[in-house]
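Some notes on the structure that comes next.
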Amino acid sequence: MDGFQIIKELEEEKRIDQSRLDVLLQTGNREVVEYLYQRARAVREKWYGRDVYARGLIEFTNHCRNNCFYCGIRRDNTVVERYRLSGQQILECCERGYALGYRTFVLQGGEDVFYTREKLADIISSIHTRYPDCAITLSFGEWKREDYQCWFDAGARRYLLRHETASREHYSQLHPQEMSLRHRMECLQQLKEIGYQVGAGFMVGSPGQTREYLLKDLLFLREFSPHMVGIGPFLSQKDTPFAQEKNGTLEVTLRLLAILRLLLPKTLLPATTALGTVAPDGRELGLQAGANVVMPNLSPVAVRSKYTLYDNKICTGEEAAECRKCLEQRVELAGYRIVTHRGDSLVEIE
Ligand code: SAH
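Going by the working numbering, the first residue of the sequence shown is number -5, and it counts up by one from there.
Given below as structure tokens:
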């Protein structure tokens, strides 16, 4: 099958099936790959112009009850120094972030039972009251429907929960037995039903990932049609069972970003920190392959180096203001511009 033809049909939303996507994943033809990037850029510009949405990321806790094999803040990591931010500290991050132009705050963390449903609801509603023009995004894993509902009622409107892999076998290679793909998927479904704008996604090049699994991820995402899709390379972390595993690559991540842009034209696609870690210009290249979101760190510098999902994470030493400046320059050099608004997804809520 002709790669150029497949890209055209994908863009026209004509024929999308596993074998066609597989050709795009596999092709070694540079011209086809270039054409893929070019069309992904065109589609991104059709819907989002040259705008890049910036989200201020607040990594508020690295305590976690889970033991995911890939993750540096897993329960059994005894080396990592644990921390938690107080509600006051979180609000200070928002204050700094607001002044820098952020209109979305992302609260990310491990699954930390210290923050009860009510504590979190309090924090969320204080942010919502102080910054009514800002979107509040949550990203701290799997909880009960009532919890998700309570946080929605407190003012959160978005939730990022990567599905990690759409294949049950692969899921069990990445997680201990007590975790299940079924529960993860149930959470995603509940979040959608409650009315959150939902983000799913996966790591590229995670241990055991095959092309077949990647195709499953793509078809799942196409079907689920999330408002956002977060993907970034898997990067090993020295104190995890996957310490010796190979990292995901820049090239495969860029190609998947471009394919996702064509599969889900209106979705939000972040150029992730992991992508910026695997290559110095990774995020810029991500933007040029169809990504339209960046998520710079707003956490206090004192805790940054403790949120080590993977080794060599970038931007752990800079203040939020420096981070913002550096990123603005990078985005501009890539031919885009960071805008100051909430940056809602164009994917309709069903
Ligand atoms: N605990 C929350 C969110 C924090 S982790 C949750 O479970 O959703 C956010 C994302 O970082 C994860 O979904 C995972 O895809 C990614 N991640 C974790 N460890 C990683 C690693 N070693 N390399 C690359 N990405 C990683």
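All C-beta atoms, glycine included, are put in the ideal place defined by N, C-alpha and C.
Assigned secondary structure, residue 131 (DSSP; H/G/I helix, E/B strand, else coil): Judged by DSSP in its simplified three-state form, residue 131 adopts strand.
Whole-angstrom distance between residue 73 and residue 342, CA atom to CA atom: 43 Å
DSSP three-state assignment for residue 54, whether helix, strand or coil: strand
Contacting residues, own chain, Cβ-Cβ under 7 Å from residue 232 (five flanking each side not counted): 305
Residue 182 versus 145, 5, 203, 218, residue with shortest Cα-Cα distance: 218
In DSSP terms, what residue 101 is bridged to: 52, 132
Beta-carbon proximity check, residue 207 vs residue 159, cutoff 8 Å: Contact flag set, yes.
Rounded Cβ spacing between residue 225 and residue 270 (contact assumed at less than 8 Å): The C-beta separation of residue 225 from residue 270 comes to about 13 Å, leaving the pair out of contact by the 8 Å criterion.
Span of the alpha helix (DSSP H) around residue 153: Where residue 153 is concerned, there is no enclosing alpha helix (DSSP H), although the beta strand (DSSP E) it sits in stretches over 152 to 154.
Local conformation of residue 192 per DSSP, three classes: strand
Residue 66 vs residue 234 beta-carbon contact at 8 Å: Remark: C-beta atoms of residue 66 and residue 234 approach each other more closely than 8 Å.
Check whether residue 90 and residue 289 have beta carbons under 8 Å apart: no
Three-state class that DSSP yields for residue 197 in the structure shown: In the structure shown, residue 197 sits in a strand (DSSP, three-state: E or B).
Check: residue 231 C-beta below 7 Å from any heavy atom of the ligand SAH: yes
Under the three-state DSSP convention, the category residue 158 falls into: strand
Cβ-based neighbour list, residue 24, same chain, cut-off 7 Å, excluding 5 preceding and 5 following: none
Sequence-distant residues of the same chain with beta carbon closer than 7 Å to residue 328, five excluded per side: Residues of the same chain with a CB within less than 7 Å of the CB of residue 328, apart from the 5 flanking positions on each side, are 278, 281, 282 in chain order.
Sheet register partners of residue 294 (DSSP bridge): As computed with DSSP, residue 294 is found in no beta bridge at all.
Counted within 10 angstroms of its Cβ, other Cβ atoms place residue 161 as buried (16 or more) or exposed: buried
Cβ-heavy atom distance, residue 156 to the ligand SAH, below 7 Å: yes
Length of the line joining the Cα atoms of residue 286 and residue 166: Between residue 286 and residue 166, the C-alpha separation is close to 31 Å.
N-terminal and C-terminal residue of the alpha helix (DSSP H) that residue 272 is part of: 267 to 272
Which of helix, strand or coil DSSP assigns to residue 243: coil
Contact with chain C by residue 316, beta-carbon distance below 8 Å: Although the question refers to chain C, the structure presented lacks it and comprises just one protein chain.
8 Å Cβ cutoff met for residue 223 and residue 261: yes
Option nearest residue 300 by Cα separation, candidates 174, 123, 57: 57
Beta-carbon proximity of residue 339 to residue 191, cut-off 8 Å: Result yes, Cβ atoms of residue 339 and residue 191 sit closer than 8 Å.
Same chain, Cβ closer than 7 Å to residue 94, neighbours up to 5 away in sequence not counted: 314, 315, 318
Cβ-Cβ distance between residue 353 and residue 100 below 8 Å: The question about residue 353 has no answer here: the residues shown for the chain are numbered -5 through 344.
Contacting residues, own chain, Cβ-Cβ under 6 Å from residue 81 (five flanking each side not counted): The residues are 117.
C-alpha distance - residue 273 paired with residue 265, whole-angstrom precision: 12 Å
Within 8 Å, strictly: CB atoms of residue 135 and residue 155: yes
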